[in-house]
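Here the structure is laid out as structure tokens; the discussion comes afterwards.
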Amino acid sequence: MKLRKAAAASVAVLALAATATACGSDDKNDSGSSSASPGGGKIKVGIKYDQPGLGLKQPDGSFAGFDVDVATYVAKQLGYKPDQIEFVETKSADRENALARGDVKFIAATYSINDERKKKVDFAGPYLLAHQDLLVKADSDISKGTDLNGKKLCSVTGSTSAQNIKDTIAPKANLRQYGVYSECIAGLQSGAVDAVTTDDSILAGFAAQDKYKGQFKLAGLKLSNENYGIGVKKGDAETVKKINAALEKMVSDKSWQEAVDKNFGPSGYKNEPAPKIGVIVQ
Ligand code: GLU
54 MKLRKAAAAS VAVLALAATA TACGSDDKND SGSSSASPGG GKIKVGIKYD QPGLGLKQPD
114 GSFAGFDVDV ATYVAKQLGY KPDQIEFVET KSADRENALA RGDVKFIAAT YSINDERKKK
174 VDFAGPYLLA HQDLLVKADS DISKGTDLNG KKLCSVTGST SAQNIKDTIA PKANLRQYGV
234 YSECIAGLQS GAVDAVTTDD SILAGFAAQD KYKGQFKLAG LKLSNENYGI GVKKGDAETV
294 KKINAALEKM VSDKSWQEAV DKNFGPSGYK NEPAPKIGVI VQ
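Residues in the sequence shown are numbered consecutively from 54, following the numbering used here.
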């Protein structure tokens, strides 16, 4: 099967650093911040609300997950304490618009860097490499992409996962696109759909939840490379530069590994090593 892009992975260096300038001020592009000075103001940060292990709004109203920890670390480097962060839900299909409108200063929401999105937003990172995979019922016969043709498959509107299915992985699948992944997972449990597709990082988090334990299995296919970036408003080179420095520091001071262990440990998700800033695995 020729679907395993990861096997022939090559790398391309993003010209992220080259676009950053030494001058410029925050004030020009201070979207998502309620004050130009980090001292007393708040910063709005886009995350997912329903993805266990990555971005999850908990019953007590607090937030947890790898993206939440990355966002909190980055915000700290930008001068904002945890209580100055206001998390905002940015669903897959809403991310580009949320940045363009200035609803949030940056987005850390399992947001893959790709050329299409780079026309509308800028990215810092990458900070994690994931791969598209399939989640099926524990007793399912579906084990590869071509098994999906004619099957009811669920993914989310505005995701690379849905796009890859249509373009290459299984154009003949009966693709249902929901608003968020938790709806797909509920559909898998009820039998409304035969499989769910998105990043393995996300699927592993759902599969490990108490309410689903033992019911689902991941196919383990590595159908794509998903390089997670931090999205910022198009043209905000100064913020990209600062976030890249923050991400580099997060890896070098071991906070990145701590966040991995804390958030992926419970699901047993075997993540890739920390990516190099500006290096995209194709
Ligand atoms: N990482 C993929 C994307 O950015 C899938 C996960 C998501 O929808 O957030 O589209």
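Where is the CB? At the ideal position from N, CA and C, for every residue including glycine.
DSSP-derived helix/strand/coil call for residue i
{"i": "P179", "result": "strand"}
{"i": "V141", "result": "strand"}
{"i": "Y281", "result": "strand"}
{"i": "Y231", "result": "strand"}
{"i": "L274", "result": "coil"}
{"i": "A257", "result": "helix"}
{"i": "V332", "result": "strand"}
{"i": "L107", "result": "coil"}
{"i": "S214", "result": "helix"}
{"i": "D147", "result": "helix"}
{"i": "K205", "result": "strand"}
{"i": "Y322", "result": "coil"}
{"i": "K219", "result": "helix"}
{"i": "D83", "result": "Reliability fails at D83, whose pLDDT of 48 lies under 50, so the model's placement of it is uncertain and the value that follows must be treated cautiously. Note: D83 maps to coil in three-state DSSP."}
{"i": "I238", "result": "helix"}
{"i": "K158", "result": "coil"}
{"i": "S193", "result": "coil"}
{"i": "K264", "result": "helix"}
{"i": "S243", "result": "helix"}
Whole-angstrom C-beta distance between residue j and residue i, which should lie under 8 Å
{"i": "V334", "j": "N280", "result": "6 Å"}
{"i": "A162", "j": "R148", "result": "6 Å"}
{"i": "Y322", "j": "A257", "result": "4 Å"}
{"i": "Y180", "j": "L300", "result": "5 Å"}
{"i": "S343", "j": "Y126", "result": "This structure cannot settle anything about residue 343, because the visible part of the chain is limited to 54 through 335."}
{"i": "Y164", "j": "G85", "result": "With 8 Å as the limit, Y164 and G85 do not qualify as a contact, their Cβ atoms being about 15 Å apart."}
{"i": "Y231", "j": "T251", "result": "Going by Cβ atoms, the distance from Y231 to T251 rounds to 11 Å, so no, they are not a contact pair."}
{"i": "L388", "j": "F259", "result": "Outside the displayed span of the chain (54 to 335) sits residue 388, for which this structure offers no information."}
Boundaries (first-last residue) of the alpha helix (DSSP H) holding residue i
{"i": "A248", "result": "Note, A248: premise wrong, no alpha helix (DSSP H); beta strand (DSSP E) at A248 to D252."}
{"i": "K97", "result": "Element bounds for K97: not the alpha helix (DSSP H) but the beta strand (DSSP E), I96 to I100."}
{"i": "Q130", "result": "F119 to Q130"}
{"i": "K302", "result": "A290 to S305"}
{"i": "V313", "result": "S308 to F317"}
{"i": "D168", "result": "D168 to K171"}
Span of the beta strand (DSSP E), counted from its first residue to its last, around residue i
{"i": "D186", "result": "Q185 to K190"}
heavy atom of the ligand MG below 8 Å from residue i C-beta
{"i": "K101", "result": "Because the ligand MG does not appear in the structure shown, any question about it cannot be addressed here, the ligands present being the ligand GLU."}
Beta carbon proximity, residue i to chain B, threshold 9 Å
{"i": "K172", "result": "Protein chains in the displayed structure number just one, and chain B is not present."}
Below 8 Å, can you find three or more Cβ-Cβ pairs linking the stretch 267-274 to the stretch 134-152? no
If we count Cβ pairs, one from each stretch, closer than 8 Å, do we get three or more for the stretch 213-230 versus the stretch 284-292? no
Below 8 Å, can you find three or more Cβ-Cβ pairs linking the stretch 129-145 to the stretch 235-245? no
Using 8 Å as the cut-off, can you tell me whether the stretch 109-126 makes contact with the stretch 188-203, which would need three or more C-beta pairs spanning the two stretches below that distance? no
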